[in-house]
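Report on one structure; see the data block that follows.
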Amino acid sequence: MTDGLMQRIAMGDSRAVEQVIDQYGALVFTIARRFTRNPADAEDAVQEIFTDVWRSAHRFDPAAGTEKVFVTTIARRRLIDRLRRLSNRVQTESSDGLDEHGFHTTDRAAEVGVDAARAAEVLATLRPEQRRVMELGLLHGLSHGDIVAVTGMPLGTVKTFMRRGLIEVRRRLGVPDAGSES
Amino acid sequence: MDAGQRAEELLVDLEIEGLDASESRLLDELLIQTGLDRNHFARSAAAVTLASRMPLLELPSGLKSRLVEAGQRSVAQVSPMRRRHPWLESAAIGWYAAAAMLLLAVGAWWPGLEGMVGPGTPAALTELVPAALERERLLASGTDLFRWDWAPTDDPAAQGLSGDVVWSAALQAGFMRFRGLQANNPAATRYQLWVFDADRDDRYPVDGGVFDMPAGATEVVIPIRPGLPVGEAVAFAVTVETPAGAVVSSRERIVALAAGQG
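These protein sequence lines map, in sequence, to chains A and B.
Residue 128 in numbering that gives the first Met the number 0 sits at position 129 of the first sequence, with consecutive numbering throughout.
Residue 237 in numbering that gives the first Met the number 0 sits at position 238 of the second sequence, with consecutive numbering throughout.
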């Protein structure tokens, strides 16, 4: 049971810290490893991410997604910031090391969470090349330019694939527009 | 390409590779025009990330120990402000009880913003343009900044209000941007900014000074230069006060709050 961990952190309950790390530590470390060059970089990044989680816990809004989504969003943002700050975005001109793990099938919602299952539903409907673009950008932390280098697709196509894919996922998640009644 | 499409493009870039200062400024402008927000694609990007079949790696045990130790230290320092969060829910009684102490504490710093927009003289829009340029420069500096959107309350002065706060802890300065904030008559009421600091008791928010909203202005940018140091800003609030401003706000009219997003 993980509901309420962010609220407990926001209220200053330090006993919740280890539970948060037990629950999300492996997830954050796995995402960090994909975005960084080596384990040492990943460990530094994970420490930055959890520092942000403690500071941001009071902003968690259950209406905007689960705690897992909240922590993942913080992890992604911090890793992207870190890549820009250190100017060491994973450089690649080939697909070496960019294994195609792919996405979950759509029947594992209980295991991966509702948002992830719905995203998987959308991803399953995409053409393989569009799915690959989203995998490289969102799972491996490649920039649009890096995806061009890896896939040989035109930049405009890469950006269009990414934008349309995210729009479809957003629609499937039923995310309300800003300012609309939620 | 219309503003919505351009905003969407930048919002995708934000989730994939981040934005530079000029792109971030452009996005700010487009978000105001379109009503979108910065987290437009955040949940979708996270959902796709979580849909990965890639097996989870085990957290190194040494790292876990360091995370727990640092986390417990950090969380234990959460301020009373955050424990009770936010001040709309907190007891106004504390403010009244603190009035005497606060009067002693404020000393000579009052008022922080007085003179930026002359007392009793709503500024012409042209007088405010330099503030907008300074805000741009601050955003372009890129580091140690956050930008939080205003959340309007039900107060009549806030109907249609939007805008944001940009704050730099290092510079101890920032800017408020307002669209749709009702113009005030400085002879009758003035707006007042309060900055909540994680390092201070929330009964004693730092006074950011008073300011006016000129009639006819579509967008106004106002500098923030608190008279007291702000350790870690956790929220900003705007109240309506008497022409002289308030040493302790009654909180009868809270117009807007900004407390950040995940």
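Yeah, the Cβ is synthetic: ideal placement off N, Cα and C, and Gly gets one too.
#### Entry: Burial state of Ser21/B (16 or more Cβ within 10 Å)
exposed
### Message
So for Met53/B, helix, strand or coil by DSSP?
### Response
coil
### Query
Which residue comes first and which comes last in the beta strand (DSSP E) that contains Phe160/A?
No beta strand (DSSP E) holds Phe160/A; the alpha helix (DSSP H) holding it covers Leu154 to Leu172.
### Task
Please say whether Gly11/A and Leu66/B have beta carbons closer to each other than 8 angstroms?
no
### Query
So what does DSSP say about Pro155/B, is it helix, strand or coil?
helix
### Query
Shorter than 8 angstroms from the beta carbon of Gly136/A to some beta carbon of chain B?
yes
### Message
Tell me the DSSP secondary structure of Trp94/B in three-state form.
### Response
Unreliable placement is indicated for Trp94/B, whose pLDDT of 34 sits below 50; no coordinate value is reported for it.
### Query
Distance, Cα to Cα, Thr120/B vs Glu7/B?
With a pLDDT of only 29 at Thr120/B, under 50, the local geometry of the prediction cannot be trusted, and the value read off the model is given with reservation. Distance between the alpha carbons of Thr120/B and Glu7/B: 40 angstroms.
### Query
If you draw a straight line from the C-alpha of Ala157/B to the C-alpha of Ala130/B, how long is it?
22 angstroms
### Query
Given a threshold of 16 other Cβ atoms within 10 Å of its Cβ, counted over all protein chains shown, does Ala234/B qualify as buried or as exposed?
buried
### Task
In angstroms with no decimal places, state the Cα-to-Cα distance between Trp149/B and Pro155/B.
15 angstroms
### Message
Suppose the cutoff is 6 angstroms on Cβ atoms and the five residues either side in sequence are ignored; what does the same chain contact list for Gly17/B look like?
### Response
none
### Task
Can you grab the Cα-Cα spacing for the pair Pro192/A / Ala50/B, in whole Å?
A question about residue 192/A goes unanswered here, because the residues of chain A that appear run from 0 up to 181.
### Query
From Met175/B to Leu55/B, what does the alpha carbon distance come to, in whole angstroms?
43 angstroms
#### Entry: Segment limits, beta strand (DSSP E) that includes Met175/B
Ala172 to Arg178
### Length of the line joining the Cα atoms of Asp51/A and Pro204/B
23 angstroms
### Task
Just confirm the distance between the C-beta atoms of Phe40/B and Leu9/B, as a whole number of angstroms; I'd bet it's less than 8 angstroms.
10 angstroms between Cβ atoms; not a contact.
### Task
Determine the DSSP secondary structure at Gln22/A, reduced to helix, strand or coil.
helix
### Task
Could you check if Ile253/B is buried or exposed, using at least 16 other CB atoms within 10 Å of its CB as the buried criterion?
buried
### Query
Given a threshold of 16 other Cβ atoms within 10 Å of its Cβ, counted over all protein chains shown, does Asn184/B qualify as buried or as exposed?
exposed
#### Entry: Secondary structure of Trp149/B, DSSP reduced to three states
coil
### Message
Just list the residues that DSSP pairs Tyr203/B with in beta bridges.
### Response
According to DSSP, which records beta bridges pairwise, Tyr203/B is partnered with nothing at all.
### Query
Listing by chain order, which chain A residues have their CB less than 8 angstroms from the CB of Arg65/B?
Gln46
### Query
Which residues mark the beginning and the end of the alpha helix (DSSP H) in which Ser60/B is found?
Ser60 to Ala75
### Task
Could you list which residues in chain B have their beta carbon closer than 7 angstroms to that of Arg83/A, in chain order?
Gly17
### Query
By Cβ distance below 6 angstroms, which residues in the same chain neighbour Met5/A in space, the five residues on each side in sequence not counted?
Ala56, Phe59 and Glu66
### Query
Using a Cβ-Cβ cut-off of 6 angstroms (strictly less than) and excluding sequence neighbours within five positions of Gly117/B, which residues of its own chain qualify?
Only weak support is given to the placement of Gly117/B: the predicted model assigns it a pLDDT of 28, under 50, and the question is left unresolved by the model.
### Neighbour list for Leu165/A in chain B, Cβ cutoff strictly below 8 angstroms
Val11, Glu14, Phe40, Ser43, Ala44 and Val47
### Task
Quick one: measure Cβ to Cβ for Val68/A and Ala46/B, integer angstroms, because I've assumed they're closer than 8 angstroms.
7 angstroms
### Query
Using DSSP with H/G/I as helix, E/B as strand and the rest coil, what is Leu112/B?
In this predicted model, Leu112/B has a pLDDT of only 33, less than 50, meaning its place in the structure is not dependable enough to derive any value.
### Message
Rounding to the nearest angstrom, what Cα-Cα distance links Pro59/B and Ile20/A in this structure?
### Response
12 angstroms
### Task
Please confirm whether Ala255/B and Thr152/B have their CB atoms less than 8 angstroms apart.
yes
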